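Presented below is the structure to which this report refers.
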DNA sequence: TTATCCTATTGATCTAAATCAGTTTATTTA
DNA sequence: TAAATAAACTGATTTAGATCAATAGGATAA
């Protein structure tokens, strides 16, 4: 079997893609670019921004408040679109920065629109993926509003695990995670000091271990209960539609 | 001038719409329905849900956690789409409930897709509006993660004011707001008790008054500073594109 | 190979917001 | 129009997570 790449793999979880559709996806990966760590790819206020498909590495989208505080809105992993809203919105309303070295393909919005009209199944799959990403932002919001530090952290790590598994970068047991405790803190609306304590509790309770940029789930069942994690779109094997 | 309805008014802030495009929008408002207060229009887990355009009244989308806690994700006001993600996602991942009596028009997704291919300008405008809504969810997330109760509340009320002004339901001075302090609390990740105290502080500081379901901004400049409110897409008069 | 920086870790203390326990004032409803 | 219910408001107390202040281990740079 050929390597279909993370995006095709992700969309394939939704619809079984034909050879022709895979070809279209392939053509979207022409202009591959490399982005170094810690240098903003998209900057708030920038206009005429491009959209990208992330092929390798991790990035994150964030906002900075006037007091210097940062809130990470979402992490982008291989197979994710990046900066789509900035394009539609004409001006970026947030920043995007690589966490590791990133490889990404620039996608012209016009190409995307063409794809939409010529390949409706692919279009549905892409919209499905976009809706799923939005649903994750919503879940993140719910966590910040109504979950305590422990549940929030557990939920976040379970979700990242699920996302990574979908693109073949993780298993039910764990995943490689290049995030520092400071980044976790900025995503979860906590301080790094508190994240450190939360991770200790999770470890001491035998729920999960984070060590050497590696997350390992020790007791997934109890974690899922603790975090009220919805496994609906996880317990799925093969595409939803044929 | 004819009444173009809240959606046309909102989209008109982005592109100047032609007579033909207004006609298309009008046909989307055929199947008008009325929904009573406090009876879920969309329920989590429901599948084959319809999408709606809200014509009159307020609704909100929310999630309930197992401990009974509620997090309101967003409020929907006239001109907003409602349940779009549920349609694309095939199963609703959240609930939507009317806060006041609601009038909404059912939109078949097929109609929407037709509109997209026949009227590209309208399509862009709708995507712009959708991006804007998503940007507001993101801003909400940032507030929950990194703003204190006072800034968060101020920011939220300024934002609602801006949204309502865009559809002609508010002015720079204030707006009608049917939300109880409990609903504000569920949206802002606080308790009703604390919302009450925050509103008192805002009142005593001469910043804004909430009374009789009416929000009045007393010192907009200071509010904007306090909340770090981005007025970029507010200081706009007439459509962005022609 | 020492100095510098970043990340992880821990203890002590502080504080914003929650919780608890009411009273008061509006709305519904009967 | 009285009774019932929901919403607004307030004080006292508690607590989850922040802040402050260090220590220590790797990694990077010079």
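Chains as they are written, first to last, in the numbering used here: chain A, 793 to 1034; chain B, 793 to 1034. Note that the Cβ used here is the ideal one computed from N, Cα and C, for glycine as well. Just so you know, these numbers come straight off a predicted model, no measurement behind them.
query = Are the Cβ atoms of residue 832 of chain B and residue 889 of chain B separated by less than 7 Å?
reply = Cβ atoms of residue 832 of chain B and residue 889 of chain B: closer than 7 Å.
task = Return the bridge partner residues of residue 966 of chain A from the DSSP annotation.
result = BP columns for residue 966 of chain A point to A:1008.
task = Give the residues of chain A in contact with residue 909 of chain B, contact being defined as C-beta atoms less than 9 Å apart.
result = The answer, in chain order, is 908 and 909.
ask   = Which residue's Cα is closest to the Cα of residue 857 of chain A: A:992, A:981 and A:807?
value = Considering only alpha carbons, the answer is A:981.
task = State whether the region 814 to 833 of chain B contacts the region 873 to 891 of chain B, with contact taken as three or more CB pairs (one from each stretch) at a distance under 8 Å.
result = Yes, since at least three Cβ pairs between the region 814 to 833 of chain B and the region 873 to 891 of chain B fall closer than 8 Å, the two stretches touch.
inquiry  = 7 Å is my cut-off, CB to CB: does residue 861 of chain B come that close to chain A?
reply    = It does; some Cβ of chain A falls within 7 Å.
Simplified DSSP state of residue 838 of chain A, which is helix, strand or coil = Here residue 838 of chain A sits in coil by DSSP.
request  = Enumerate in chain order the residues of its own chain whose CB-to-CB distance from residue 963 of chain A is below 7 Å, with the five nearest sequence positions on each side excluded.
outcome  = Taken in chain order, the residues that qualify are 957.
ask   = Quick one, are the C-beta atoms of residue 946 of chain A and residue 1013 of chain A less than 7 Å apart?
value = Contact check for residue 946 of chain A against residue 1013 of chain A fails: the beta carbons are separated by 7 Å or more.
ask   = Of all Cβ atoms in chain B, is any one closer than 7 Å to the Cβ of residue 880 of chain A?
value = Chain B, which has a Cβ nearer than 7 Å to the Cβ of residue 880 of chain A, makes this yes.
query = Under a CB-based cut-off of 7 Å, is residue 855 of chain A close to chain B?
reply = So yes, residue 855 of chain A belongs to the interface.
ask   = For the region 948 to 996 of chain B, which segments carrying the beta strand (DSSP E) assignment without a break, of at least 3 residues, lie completely within its bounds, in sequence order?
value = Segments of the beta strand (DSSP E) lying fully in the region 948 to 996 of chain B: 966 to 968.
ask   = CA-CA distance, residue 932 of chain A and residue 809 of chain B?
value = Each residue's Cα considered, the two are about 36 Å apart.
request  = Compute the distance between the beta-carbons of residue 843 of chain B and residue 896 of chain B, then report whether it is under 7 Å.
outcome  = Taking 7 Å as the cut-off, the Cβ atoms of residue 843 of chain B and residue 896 of chain B do not count as close.
query = Quick one: complete beta strand (DSSP E) runs, 3+ long, within the region 846 to 909 of chain A?
reply = Segments of the beta strand (DSSP E) lying fully in the region 846 to 909 of chain A: 851 to 856, 862 to 868, 887 to 890 and 894 to 899.
ask   = Whose CA, out of B:995, B:997 and B:976, lies closest to the CA of residue 987 of chain B?
value = Comparing Cα positions, the closest option is B:976.
task = Run down chain B in chain order and give the residues with a C-beta less than 7 Å from the C-beta of residue 1020 of chain A.
result = Against chain B, a Cβ distance below 7 Å from residue 1020 of chain A picks out 857 and 858.
Beta-carbon proximity of residue 879 of chain B to residue 851 of chain B, cut-off 7 Å = In this structure, residue 851 of chain B does not lie closer than 7 Å to residue 879 of chain B by Cβ.
key: Residue from A:1024, A:1010, A:984 and A:985 whose Cα sits closest to the Cα of residue 996 of chain A   = The shortest Cα separation from residue 996 of chain A among A:1024, A:1010, A:984 and A:985 belongs to A:1010.
message = Let's see if you can read the secondary structure: which residues bound the beta strand (DSSP E) around residue 1000 of chain A?
response = That run of the beta strand (DSSP E) goes 1000 to 1003.
task = Provide the residue span of the alpha helix (DSSP H) that contains residue 913 of chain B, from first to last.
result = Segment 912 to 938, the alpha helix (DSSP H) holding residue 913 of chain B.
inquiry  = Please return the same chain residues whose Cβ sits closer than 6 Å to the Cβ of residue 991 of chain A, not counting the five positions on each side in sequence.
reply    = So the list reads 1002, once near-sequence residues are dropped.
message = By the three-class DSSP mapping on this structure, what secondary structure does residue 1066 of chain B have?
response = The structure shown does not extend to residue 1066 of chain B, since chain B is modelled only from 793 through 1034, so no value can be given for it.
ask   = Is it buried or exposed for residue 798 of chain B, if we count other Cβ within 10 angstroms and need 16 for buried?
value = Buried: at least 16 other Cβ atoms inside 10 Å.
key: Length of the line joining the Cα atoms of residue 914 of chain B and residue 907 of chain B   = Taking the Cα positions, residue 914 of chain B is about 8 Å away from residue 907 of chain B.
query = In or out: residue 835 of chain B buried (at least 16 other Cβ within 10 Å) or exposed?
reply = It is exposed - the Cβ of residue 835 of chain B has fewer than 16 other Cβ atoms within 10 Å.
message = Across the region 918 to 936 of chain B and the region 801 to 808 of chain B, are there enough close Cβ pairs to call them in contact, namely three or more that are closer than 8 Å?
response = Yes, since at least three Cβ pairs between the region 918 to 936 of chain B and the region 801 to 808 of chain B fall closer than 8 Å, the two stretches touch.
inquiry  = Just checking: is the beta-carbon of residue 984 of chain B within a distance shorter than 7 Å of some beta-carbon in chain A?
reply    = Taking a beta-carbon distance threshold of 7 Å, residue 984 of chain B does not count as an interface residue toward chain A.
Cβ-based burial, residue 826 of chain B [other Cβ within 10 Å; buried from 16] = Residue 826 of chain B comes out exposed.
message = Between B:973, B:938 and B:1024, which has its C-alpha nearest residue 859 of chain A's C-alpha?
response = In terms of CA proximity to residue 859 of chain A, B:938 leads the group B:973, B:938 and B:1024.
task = Reducing DSSP to helix, strand and coil, say where residue 824 of chain B ends up.
result = Residue state, collapsed to three classes: strand.
query = In chain A, which residues lie with their C-beta within 7 Å of the C-beta of residue 877 of chain B?
reply = By Cβ distance, chain A contributes 923, 926 and 927.
request  = Please confirm whether residue 882 of chain B and residue 839 of chain B have their CB atoms less than 7 Å apart.
outcome  = Yes. Within cutoff.
key: Integer Cβ distance of residue 1007 of chain B from residue 953 of chain B, believed to fall under 8 Å   = Contact holds; Cβ gap of about 7 Å.
ask   = Along the region 930 to 942 of chain A, what residues have a CB closer than 9 Å to any CB found in chain B?
value = Cβ contacts with chain B come from 930, 931, 932, 933, 934, 935, 936, 937, 938 and 939.
query = So, is the C-beta of residue 919 of chain A closer than 7 Å to a C-beta in chain B?
reply = Taking 7 Å as the CB threshold, residue 919 of chain A lines the interface with chain B.
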